[in-house]
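The listed protein sequences derive, respectively, from chains A and B.
Adding 9 to a residue's 1-based position in the first sequence gives its number in this note's numbering.
Adding 9 to a residue's 1-based position in the second sequence gives its number in this note's numbering.
For each residue, glycine too, the CB sits at the ideal point set by N, CA and C.
Below you'll find the structure, written out as structure tokens, and then a few comments.
Protein chains: 2
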Amino acid sequence: MPETINITHKKLEKFLTELFAITGMNAEDSSWCAEAMVKTNLWGVDSHGVLRAPDYLKRLTSRAINPTPKIETVRGGGALETMTGDDGMGYVVGKAAMNRAIELAEKYNISAVGVTNSNHFGAAGLYAQMAAERDMIGMVMTNVIPNVVAPGGSRPITGNNPLAVAVPTFGDIPFVFDISLSNVAGGKLLLASKKGEKIPFDWATDKDGRPTDDPDKGFEGFLLPVGGHKGLGLSYVIDILSGLITGGVFQFGIKSMYKHPNDPSLTGHFMIVINPLILMSRDEMQTRMAEFRETIKTSPMWDDSREMMQPGEIEHKTQQERIKNGIPISAQLYEDLVALGTKMGVSENI
Amino acid sequence: MPETINITHKKLEKFLTELFAITGMNAEDSSWCAEAMVKTNLWGVDSHGVLRAPDYLKRLTSRAINPTPKIETVRGGGALETMTGDDGMGYVVGKAAMNRAIELAEKYNISAVGVTNSNHFGAAGLYAQMAAERDMIGMVMTNVIPNVVAPGGSRPITGNNPLAVAVPTFGDIPFVFDISLSNVAGGKLLLASKKGEKIPFDWATDKDGRPTDDPDKGFEGFLLPVGGHKGLGLSYVIDILSGLITGGVFQFGIKSMYKHPNDPSLTGHFMIVINPLILMSRDEMQTRMAEFRETIKTSPMWDDSREMMQPGEIEHKTQQERIKNGIPISAQLYEDLVALGTKMGVSENI
């Protein structure tokens, strides 16, 4: 059996849509969840996307995640609102919140929507890009369970809370910035361990919080924030916006979907939408974004092996390649999905 | 002569107010500039504040900075506007933009104000805190001249664009997060050089853009972004918000106040203000921010020499100490200020 199997995105999307529908989600929501996860894989962000589908499906089946949430505004006024996600799928809640934020930004030119009682929503860039597709700037953040330790601390104090910003380019290449606030993701520690390499001391700590250059000790321990106090403080800000001012939970109030598979995660998201076309014409914005990109692309390099990219460019390239050649899925994940398909009774397995 | 001279903040503020007034600024503006710079020193952020006063005064005298700007809204609608700073002092422009953003947030609960044709505005935290003092969350960013090189690049491509966020705590200790997006400031390279220490390879590059562990080569070269592509991308976002969508300049359009002392810098700022009290009562917010802080403060440490702080806490402590004991000014800066006072004809020298 090969290490990876390539599956066309359409086949994968159809399969996942059916799986989500079987859990009781309506047609629109199950189709969106499948589309969003497959899109994440098309971007090459394989740490999210389809890899997480088996866990989501388990949580939907056990009703830790509510397949038919009533997502509605509960607080706020003017251009700022908070909604409850009613323990729904993070993808569905995230989409509803972004749609509401876009609606408010159409009226007020800037808006923010916070949402409580959500769950893991995948790549933050998905929602930021929804705004860009509507000619607006989307800023999306979410809190996650504390997994980042402060320098000197012996247990995690905050999450590697992601932040994504998408800007409409009115051109071929989207601008989508999407990061999390640990210096690296856990996957990089695994990779270094496999290669037998040491890791820089600012990547991770051992289980007592002490910096380590041993990737295995780092994997038992905690992640360090990007830029020390810089990433740490920004992570606090994201938690405050996503969980504290929304009336949701923050810091240790969030529940890990892995440690508490049968409980709602109570995750909070926060989305800001800005309408740049009240400030300039579409043509002017397009020209300026093209200039911005041109300056980046033509910047001289001493390292010819590298290419300057605007945020989102590499994902765009990967998407084009994978639409053509299919999405590589690990043999293990493929088997898990096939087994799930059989168990849940899909009409046509993957 | 001692290395540093301690001056009371009141004396320093009075002296600077008079100097700025002599350049033609009105009473309100000159008093605000002095207050803001002295406040920055009270926080212990000595890289900004009074250190920069001689340069600002030179630029005001030469009219590179307009001492009597007409700052007004030029584009936008609803809760989003852009203003022109009319080449005024960054401090005056920043304050006007933040005041307008607060006014809009009072009406819409979230607002954003961008501003073009400004100049160096000092610490971004000054403006973020203006919002917090009005019970609102302030997010403040600004673009600066490209001084950060992308990994692999041989010349700077973006600025270490600062970002500050202040959240009202309704308690004794403010929450003010204020960073710039280079891994470290240039001052840290100087310090390492003085101590004869090597620097980590992710701090700076030599003049060709190649990573170096030699602080002297780093000082001749460029700064690296915090977290590699993470800080780099966020810096792009800040430039787009501050300069691109506002109709101002971005990337290499900004002029360094040091390389072009006689030209306006054309700096852009962007401020977002959020009114959390439409989402919850003041009491609830106060309780939640106190809980947030308590979790940070009681987090266990393996390194007893360190203390967990909320962003802005160390500045708050320094402020209390310096209000009592005065602000330490280097002998060199003291001499420069005295000479300026004499030259510009203040009624009472420092």
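{"Item": "Any beta carbon from chain B within less than 9 Å of A/L250's own beta carbon?", "Value": "yes"}
{"Item": "Comparing C-alpha positions only, which one of B/M148, B/G161 and B/N169 sits nearest to B/E176?", "Value": "The question names Glu, yet the displayed sequence has Val at residue 176 of chain B. Answer by Cα proximity: B/M148."}
{"Item": "Looking at the C-beta of B/F186, does it have a partner C-beta in chain A at a distance below 9 Å?", "Value": "yes"}
{"Item": "As an exercise, report each continuous beta strand (DSSP E) stretch of at least 3 residues that is fully enclosed by the segment 291 to 330 of chain B, in chain order.", "Value": "none"}
{"Item": "Where DSSP assigns a beta bridge to B/L346, which residues make up the other side?", "Value": "The partner list for B/L346 (beta bridge, DSSP) is empty, contrary to what the question assumes."}
{"Item": "Could you spell out the range, first to last residue, of the alpha helix (DSSP H) harbouring B/S120?", "Value": "Counting along the chain, B/S120 falls outside any alpha helix (DSSP H), though it belongs to the beta strand (DSSP E) covering I119 to S127."}
{"Item": "Counting only Cβ pairs nearer than 9 Å, list the residues of chain A close to B/T221.", "Value": "Those within 9 Å of B/T221 in chain A number zero; the least Cβ separation is about 12 Å."}
{"Item": "Ordered along the chain, which non-local residues of its own chain (more than five positions away) have a Cβ less than 6 Å from that of A/Q319?", "Value": "F184, R302 and I305"}
{"Item": "Taking the CB atoms as reference points, tell me whether A/R143 and B/S308 lie closer together than 9 Å.", "Value": "no"}
{"Item": "Compare the C-beta of A/D176 against all C-beta atoms of chain B and say whether one is closer than 9 Å.", "Value": "What sits at residue 176 of chain A in the sequence shown is Val, not Asp. It does; some Cβ of chain B falls within 9 Å."}
{"Item": "Using CA atoms only, rank isn't needed, just tell me which of B/W41, B/S244, B/N50 and B/A45 is closest to B/K326.", "Value": "B/N50"}
{"Item": "Which chain B residues are close to A/R315, counting only those with a beta carbon under 9 Å from its beta carbon?", "Value": "A159, P160, G161 and G162"}
{"Item": "Near B/N126, what residues of its chain come up, given a Cβ to Cβ distance below 7 Å and the 5 sequence neighbours on each side ignored?", "Value": "T93, G94, D95, D96, G257, P273 and L275"}
{"Item": "Considering only the beta carbon of each residue, do A/S251 and A/N170 sit closer than 9 Å?", "Value": "yes"}
{"Item": "Measure the C-alpha to C-alpha separation of B/M310 and A/Y65 and round it to an integer number of angstroms.", "Value": "35 Å"}
{"Item": "Distance, Cα to Cα, B/M46 vs B/S56?", "Value": "11 Å"}
{"Item": "Please tell me whether A/K79 has its Cβ less than 9 Å away from any Cβ of chain B.", "Value": "no"}
{"Item": "Exposed or buried, A/G162, counting other C-beta atoms within 10 Å across all chains shown (16 or more means buried)?", "Value": "buried"}
{"Item": "Helix or strand or just coil, what does DSSP make of B/R109?", "Value": "helix"}
{"Item": "Please list the partners that B/T327 has in chain A, where partner means a Cβ-to-Cβ separation under 7 Å.", "Value": "Residues of chain A passing the Cβ test: none, with the nearest at roughly 15 Å."}
{"Item": "Suppose only complete runs of 3+ residues qualify. What are the beta strand (DSSP E) ranges in the segment 151 to 226 of chain A, listed by chain order?", "Value": "172 to 176 and 184 to 188"}
{"Item": "Around the Cβ of A/I360, are there at least 16 other Cβ atoms within 10 angstroms (buried) or fewer (exposed)?", "Value": "With chain A covering 10 to 359 only, the question about residue 360 of chain A has no answer from this structure."}
{"Item": "Going by other Cβ atoms of all chains shown within 10 Å of its Cβ, with 16 needed for buried, is B/R297 buried or exposed?", "Value": "buried"}
{"Item": "Would you kindly report the start and end of the unbroken beta strand (DSSP E) that includes A/E90?", "Value": "L89 to T93"}
{"Item": "Spatial neighbours of B/Y100 within its chain, please: CB distance less than 7 Å, with the 5 preceding and 5 following residues excluded, ordered by chain position.", "Value": "W41, C42, A45, F130 and G131"}
{"Item": "Might you give, ordered along the chain, the residues of its own chain that have their beta carbon closer than 7 Å to the beta carbon of A/G196, omitting 5 neighbours on each side?", "Value": "S56"}
{"Item": "Check the DSSP bridge columns for B/E81 and list the partner residues they point to.", "Value": "B/T93"}
{"Item": "Terminal residues of the continuous beta strand (DSSP E) containing B/P337?", "Value": "I336 to S339"}
{"Item": "Label B/P155 either buried or exposed according to how many other C-beta atoms from any shown protein chain fall within 10 Å of its C-beta, with 16 as the threshold for buried.", "Value": "buried"}
{"Item": "Using a C-beta to C-beta distance shorter than 7 Å, which residues of chain B count as neighbours of A/A121?", "Value": "I119 and I283"}
{"Item": "Would you say B/I111 faces chain A, with C-beta separation under 9 Å as the test?", "Value": "no"}
{"Item": "I want to verify the contact list: residues of chain A whose CB lies under 7 Å from the CB of B/A88, in sequence order.", "Value": "A88, Y117, N118 and I119"}
{"Item": "If you compare alpha carbons, which of B/K239, B/G218 and B/H238 is closest to B/E229?", "Value": "B/G218"}
{"Item": "Determine the burial state of B/K226: buried for a count of at least 16 other Cβ atoms within 10 Å of its Cβ, exposed for fewer.", "Value": "buried"}
{"Item": "Buried or exposed: where does A/S120 fall if 16 or more other Cβ atoms within 10 Å of its Cβ makes it buried?", "Value": "buried"}
{"Item": "Apart from the five residues on each side of it in sequence, which residues of its chain come closer than 7 Å, Cβ to Cβ, to B/E22?", "Value": "A43, E44 and V47"}
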